[in-house]
Amino acid sequence: MSVASPEPVVIPQPAEAHAPALDFDNLKVGEKSPAKVNQGGFLSVVVLGASGDLAKKKTFPALFNLFKQGFIPTGDVQIIGYARSKLTNDELRKRIAGNLKPGKNALQDGQAVISEFLKLITYVAGAYDSKEGFMELEKAIASRENVGDGGSSSTRRLFYLALPPSVYPLVSKMVHAHCMNKHGWTRVIVEKPFGKDLASSEELSGQLGELFTEDQLYRIDHYLGKEIVQNLLVMRFANRFFIPLWNRDNIANVQIVFKEDFGTEGRGGYFDEYGIIRDIIQNHLLQVLCLVAMEKPVSVSPEHIRDEKVKVLKAVQPIKDEDVVIGQYEGYKDDEGVPNDSNTPTFATVIVHINNERWDGVPFIIKAGKALDSRKAEIRVQFKDVPGDIFKCKKQGRNEFVMRLQPSEAMYMKLTVKRPGLDMAGTQSELDLSYRERYQDIVIPEAYERLLLDTIRGDQQHFVRRDELRAAWEIFTPLLHRIDCGEFKCLNYASGGRGPPESDDLISRAGLWRRCTAEMMDESYMSALSSQLVASFRHFGIFACIFALCATSIASLETAFGLRAREMIVANTSGLIAAVTSPG
0 MSVASPEPVV IPQPAEAHAP ALDFDNLKVG EKSPAKVNQG GFLSVVVLGA
50 SGDLAKKKTF PALFNLFKQG FIPTGDVQII GYARSKLTND ELRKRIAGNL
100 KPGKNALQDG QAVISEFLKL ITYVAGAYDS KEGFMELEKA IASRENVGDG
150 GSSSTRRLFY LALPPSVYPL VSKMVHAHCM NKHGWTRVIV EKPFGKDLAS
200 SEELSGQLGE LFTEDQLYRI DHYLGKEIVQ NLLVMRFANR FFIPLWNRDN
250 IANVQIVFKE DFGTEGRGGY FDEYGIIRDI IQNHLLQVLC LVAMEKPVSV
300 SPEHIRDEKV KVLKAVQPIK DEDVVIGQYE GYKDDEGVPN DSNTPTFATV
350 IVHINNERWD GVPFIIKAGK ALDSRKAEIR VQFKDVPGDI FKCKKQGRNE
400 FVMRLQPSEA MYMKLTVKRP GLDMAGTQSE LDLSYRERYQ DIVIPEAYER
450 LLLDTIRGDQ QHFVRRDELR AAWEIFTPLL HRIDCGEFKC LNYASGGRGP
500 PESDDLISRA GLWRRCTAEM MDESYMSALS SQLVASFRHF GIFACIFALC
550 ATSIASLETA FGLRAREMIV ANTSGLIAAV TSPG
C-alpha cells in the first residue's frame with residue numbers, strides 16, 4: 000500500500016517531442032538504451048518525502064537499479080532528497096543503503112556501485128509549506144545544472160511526490176512557484192490514492208490542473224509497470240490465435256484476483272481511511288481489467304491506448320448490491336488506530352459487467368483481500384465448455400489462460416489432454432511459461448524502475464489520465480458511499496481462510512466453474528456442513544442415523560474432495576454426537 004496520491008507534473012520545452020509510438024517488434028524485455036535517456040541534458044531527480052518509507056523502499060531502489068544498468072550515467076544526473084527531517088547527506092545515504100541490492104553482475108563490484116550511486120544523492124531539509132525551503136531546494140538543483148559531461152545548456156527536472164495526497168496541492172504550488180525549469184522540461188510524479196471518491200478526486204485534479212497541463216502530470220499506478228501486466232497488450236494483439244477467441248462467444252468469465260496472507264499489521268489506522276476497494280480494486284485491478292477488455296488501439300502510442308481504456312470504463316454497468324460481497328477479518332479492529340465500529344472492508348468480491356458487443360454477458364470477477372490463505376495476484380481467463388463433449392472434459396475442468404503477477408511471474412494455459420495409459424481418459428495439464436526460468440539471463444525490471452524510466456522518456460502510456468481516473472471513480476463511488484455510511488455491512492471472516500463463504504457463493508452464481516478440491520474444503524465450509532448435519536439429526540430424532548449419515552458423508556466427500564475432507568468430518572464426529580445428544 001503506497002503512501003502517496005494524486006498526480007505528476009511535466010513541463011516540456013516547446014522543442015521537446017513526445018516519445019514516439021513503438022511497435023511490438025521494438026519492445027525488448029531488459030533492453031538498454033541509455034542514449035535515449037541522455038537526450039535533453041542534465042537530469043535532476045528530486046524526491047519529496049525522501050525520509051519516508053515509500054522513498055526508502057521503492058523510489059531510491061528503483062533509481063539505483065536504473066543507475067547500475069546504465070540508464071542514468073553518473074556525469075549527467077543528480078538526486079536530491081527533500082523532507083522535514085533534519086538530516087545530513089550521509090544520514091540520508093545510510094537510510095537508503097540498506098535497501099539497495101547490488102545484483103549478480105560478475106563484472107561489477109556491488110559495493111562500489113552502491114557507493115558511486117550514493118554519491119549522487121544530496122539532501123535539503125525544509126517544510127512543505129516553506130517558501131524559504133523551496134528556494135533553498137531551487138539553489139541546490141541549479142548549482143549542478145549545466146555541468147554535465149556534454150556541457151549542455153538544456154536541463155531536465157523530475158519531481159517525485161512520495162507524500163500523502165493531502166499535501167499534493169501545497170507542494171505542487173511550491174514547486175510551481177520556486178522550482179520550475181527554465182531551460183527544459185519539468186515533470187512531477189504523484190502516487191495513489193488519487194482522492195477518496197469522485198468529488199475529492201475531481202477537486203484534486205482541478206487543483207493540480209491549475210498548475211500543470213495534463214501532459215505534465217504523471218499519475219503513477221505501479222501495477223501498470225509490472226512485466227506481466229505490460230505483456231497483456233502484446234499477448235492479445237500480437238498472437239493470431241487469441242484474436243478470434245477473446246470475446247463473449249468463447250470466454251465464460253474473467254477473474255482478477257489479489258490476495259495477501261497478512262493483515263494491516265500496525266498500519267490499520269491508515270488503511271481504515273481507505274479500505275480494500277479504494278486501495279486495490281478501484282485502481283490496480285480496474286486498470287488490469289481495462290487491459291484485458293479493451294479493443295485494439297490504433298497504435299501503441301500512449302494516447303491511443305488510454306483512449307481505449309476509457310471506452311471500457313465508460314461501458315461498465317452500475318454495480319448492483321447482489322454482485323458485491325465485502326468482509327473484514329477477525330482481529331482487524333485490534334490493530335492500533337482502527338475504531339471499534341469500523342465498517343472498512345479488508346476483503347471484497349465485485350462482479351463487473353461490461354455493456355458492449357465483445358463482453359455482453361461475461362462476468363469480470365474482481366476479488367481482493369487481506370489475511371487470506373495465500374499471497375497471490377493473477378488474471379484468469381476461463382473459457383466456455385466444449386460443445387458436444389465426447390471426452391467428458393467437464394470432469395477435468397475448463398480451458399484457462401492464466402497470467403500470474405505474484406509471487407513469481409508466470410503465464411500458462413490449462414488444457415485437457417489424454418492421460419498416458421491404455422484407457423482413453425482425459426486429464427488436465429498445463430502449457431507453462433515461467434518468466435524467471437525462461438529469461439534467466441535478462442533482468443526483469445521492477446515496476447517502479449520501469450515507470451521512472453518512462454517518465455524520464457516522456458512516455459505516459461503506463462500512467463493514468465484524468466478522464467480515466469474520473470471514469471474509474473464513477474464506477475465505485477456509489478458503492479463506497481453506501482459502505483462509508485454503514486448501509487452495506489462487512490461480513491466477518493477468519494484470518495488465513497478464503498474470505499467470507501458468501502464470496503464463493505457469489506462467484507459460483509456468476510458462472511465460475513472449478514473442480515472441487517481439498518483447498519475449498521476449509522474449516523468454515525466444514526463447520527457449516529456440521530451444523531446442517533446436526534439440524535438433520537435432531538429433526539429425525541434417531542441417534543443411529545448419526546453413524547449412517549456420517550459414513551455416507553465421509554464416503555461421498557472423500558470421493559469428491561479427497562482425504563482431507565474425510566479427516567475433517569471424522570474430527571467433527573465427536574462434536575456432532577455431543578450436540579445431538581445434548582438436552583434441547
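Counting from 0, one number per residue, gives the positions in the sequence shown under numbering that gives the first Met the number 0. All C-beta atoms, glycine included, are put in the ideal place defined by N, C-alpha and C.
Checklist entry - Should the segment 337-350 be regarded as contacting the segment 290-298, the criterion being three or more beta carbon pairs within less than 8 Å? => result The segment 337-350, when compared against the segment 290-298, does not touch it at the 8 Å Cβ threshold.
Checklist entry - In chain order, what residues of the same chain lie with their CB nearer than 6 Å to the CB of Q405, ignoring the 5 residues before and after it? => result As a first step, residue 405 is located in the sequence shown; it is residue number 406 there, counting from the start. The residues A376, in chain order, have a CB closer than 6 Å to that of Q405 in the same chain once the five nearest residues on each side in sequence are set aside.
Checklist entry - Sorted by chain position, which residues of the same chain lie with C-beta nearer than 6 Å to S433's C-beta, five sequence neighbours on each side aside? => result Looking up residue 433 in the sequence shown gives position 434. Closer than 6 Å at Cβ, skipping near neighbours: A409.
Checklist entry - Count the other CB atoms within 10 Å of the CB of V36; is the residue buried (16 or more) or exposed (fewer)? => result Numbered from 1 along the sequence shown, position 37 holds the residue referred to as residue 36. Per-residue confidence for V36 stands at a pLDDT of 44, beneath the threshold of 50, marking its modelled position as unreliable; the derived number appears in the next sentence. V36 is buried by the Cβ-count criterion.
Checklist entry - Going straight from the alpha carbon of E557 to that of K417, what length do you get? => result What you label residue 557 is simply residue 558 of the sequence shown in a count that begins at 1. What you label residue 417 is simply residue 418 of the sequence shown in a count that begins at 1. Since pLDDT at E557 reaches only 39, below the 50 mark, its modelled position is unreliable, and the value read off the structure follows with that caveat. The straight-line gap separating the alpha-carbon atoms of E557 and K417 is approximately 24 Å.
Item to check | Residues near V463 by beta carbon distance below 6 Å, same chain, minus five either side | outcome: Residue 463 sits at position 464 when you count from the first residue of the sequence shown. Scanning its chain for C-beta atoms nearer than 6 Å, with the 5 sequence neighbours on each side dropped, one finds around V463 the residues R218, D220, in chain order.
Checklist entry - Could one say the Cβ of A471 lies closer than 8 Å to chain B's Cβ atoms, at least one of them? => result In summary, chain B is missing from the structure at hand, where a single protein chain is found.
Checklist entry - In chain order, which continuous runs of the alpha helix (DSSP H) of length 4 or greater are located wholly inside the segment 386-437? => result The qualifying runs are 434-437.
Checklist entry - Considering Y328, what are the terminal residues of the alpha helix (DSSP H) in which it resides? => result The residue given as residue 328 occupies position 329 in the sequence shown. Element bounds for Y328: not the alpha helix (DSSP H) but the beta strand (DSSP E), 323-328.
Checklist entry - Which ranges would you report for the alpha helix (DSSP H) in the segment 217-246 if only whole runs of at least 4 residues count? => result For the segment 217-246, whole alpha helix (DSSP H) runs of length 4 or above, ordered along the chain, are 226-236.
Item to check | DSSP state of L207 mapped onto helix, strand, coil | outcome: Within the sequence shown, residue 207 is the residue found at index 208, counting from 1. DSSP, reduced to helix, strand and coil, places L207 within a helical segment of the structure shown.
Checklist entry - Can you list, in chain order, the stretches of the alpha helix (DSSP H) that have 4 or more residues and sit fully within the segment 140-198? => result Segments of the alpha helix (DSSP H) lying fully in the segment 140-198: 167-177.
Checklist entry - Taking DSSP as the reference, what is the three-state secondary structure of A96? => result Along the sequence shown, one-based indexing puts residue 96 at 97. Helix, per DSSP.
Item to check | In chain order, each beta strand (DSSP E) run of at least 3 residues that lies wholly inside the segment 36-62 | outcome: Fully enclosed beta strand (DSSP E) runs of 3 or longer: 41-47.
Next on the checklist: Beta-carbon within less than 7 Å of G147's beta-carbon, same chain only, minus the 5 sequence neighbours each way: which residues are those?
Outcome noted: Translated into positions along the sequence shown, residue 147 becomes position 148. A caution first: G147 carries a pLDDT of 47, below 50, which makes its placement in the model too unreliable to give a value.
Item to check | Beta-ladder partner(s) of V123, from DSSP | outcome: The count along the sequence shown starts at 1 and reaches residue 123 at position 124. For V123, the beta-bridge partners assigned by DSSP are Y81.
Checklist entry - The alpha helix (DSSP H) spanning A370 covers which residue range? => result Residue 370 sits at position 371 when you count from the first residue of the sequence shown. Looking at the DSSP string, A370 is not in any alpha helix (DSSP H), and its letter there is neither H nor E.
Next on the checklist: Between the alpha carbons of K378 and G69, how many angstroms are there, rounded?
Outcome noted: Sequence index remark: in the sequence shown, residue 378 carries index 379 (1-based). Sequence index remark: in the sequence shown, residue 69 carries index 70 (1-based). The sequence shown places Ile at residue 378, not Lys. One C-alpha to the other measures close to 33 Å.
Item to check | Contact set for I140: own chain, Cβ-Cβ below 8 Å, skip 5 residues either direction | outcome: For the purposes of this step, residue 140 is taken as the residue at position 141 of the sequence shown. Correct list, in chain order: S43, V45, Q77, I79, R156, C178.
Item to check | CA nearest to the CA of K401, picked from K391, P386, E429, A424 | outcome: On the sequence shown, residue 401 is found 402 positions in, with the first residue counted as 1. With the sequence shown as reference, residue 401 is identified as Val, and Lys is not the correct amino acid for it. Proximity to V401 across K391, P386, E429, A424 peaks at E429, based on C-alpha coordinates.
Checklist entry - Is the distance from the Cβ of I120 to the Cβ of L91 below 8 Å? => result Translated into positions along the sequence shown, residue 120 becomes position 121. Translated into positions along the sequence shown, residue 91 becomes position 92. Closer than 8 Å, so yes.
Item to check | Selected residue, minimal CA-CA separation from T343, among P164, E135, F487, N98 | outcome: Here residue 343 refers to the residue found at position 344 of the sequence shown. Ranked by Cα distance from T343, the options P164, E135, F487, N98 are led by F487.
Checklist entry - Going by the CB atoms, is the gap between L86 and Y127 shorter than 8 Å? => result For the purposes of this step, residue 127 is taken as residue 128 along the sequence shown, with counting starting at 1. For the purposes of this step, residue 86 is taken as residue 87 along the sequence shown, with counting starting at 1. For Y127 and L86, no; Cβs fall outside 8 Å.
Item to check | Where L362 falls: helix, strand or coil (DSSP) | outcome: Residue numbering aside, residue 362 sits at position 363 when the sequence shown is read from its first letter. The sequence given here places Pro at residue 362; Leu does not occur at that position. Strand at P362.
Item to check | DSSP three-state assignment for E616, whether helix, strand or coil | outcome: Lying outside 0 to 583, the shown extent of the chain, residue 616 is not represented and no answer is given.
Checklist entry - Using the beta-carbon count (16 or more within 10 Å), is T348 buried or exposed? => result Here the question's residue 348 lines up with position 349 in the sequence shown. Only buried fits T348, as 16 or more other CB atoms lie within 10 angstroms of its CB.
Item to check | Per-residue DSSP class, three states only, for Q254 | outcome: The count along the sequence shown starts at 1 and reaches residue 254 at position 255. Three-state DSSP puts Q254 in a strand.
Next on the checklist: For a quick check, are the C-beta atoms of E329 and A493 less than 8 Å apart?
Outcome noted: Your numbering for residue 329 matches position 330 in the sequence shown. Your numbering for residue 493 matches position 494 in the sequence shown. Yes; because the gap between Cβ atoms is below 8 Å, this pair is in contact.
Next on the checklist: In whole angstroms, give me the CA-to-CA distance for V361 and P499.
Outcome noted: The sequence position of residue 361 within the sequence shown is 362, counting from 1. The sequence position of residue 499 within the sequence shown is 500, counting from 1. The alpha-carbon atoms of V361 and P499 are separated by roughly 23 Å.
Item to check | Under 8 Å between C-beta atoms of A601 and S153 | outcome: Lying before the first or after the last residue shown, residue 601 is absent from the chain, which here runs from 0 to 583.
Checklist entry - Between the segment 249-259 and the segment 311-326, are three or more C-beta pairs nearer than 8 Å? => result Touching, no.
Checklist entry - In whole angstroms, what separates the C-alpha of G51 from that of G205? => result Locating residue 51 in the sequence shown gives position 52, where the first residue counts as 1. Locating residue 205 in the sequence shown gives position 206, where the first residue counts as 1. Their Cα atoms are separated by approximately 27 Å.
Next on the checklist: Is the separation between the beta-carbon of R94 and that of K55 shorter than 8 Å?
Outcome noted: Translated into the one-based positions of the sequence shown, residue 94 becomes position 95. Translated into the one-based positions of the sequence shown, residue 55 becomes position 56. For the pair R94 and K55, the CB atoms are nearer than the 8 Å cut-off.
Checklist entry - Which partner residues of V348 appear in the DSSP bridge assignment? => result As a first step, residue 348 is located in the sequence shown; it is residue number 349 there, counting from the start. Here residue 348 is Thr; the residue named in the question, Val, does not match the sequence. T348 is bridged to V324, K366.
Checklist entry - Going by other Cβ atoms of all chains shown within 10 Å of its Cβ, with 16 needed for buried, is T212 buried or exposed? => result Against the sequence shown, residue 212 aligns to sequence position 213. With fewer than 16 neighbouring CB atoms inside 10 Å of its own CB, T212 falls in the exposed class.
Checklist entry - When you compare only the Cα positions, how much space is there between Y438 and A198? => result Residue 438 sits at position 439 when you count from the first residue of the sequence shown. Residue 198 sits at position 199 when you count from the first residue of the sequence shown. Distance between the alpha carbons of Y438 and A198: 45 Å.
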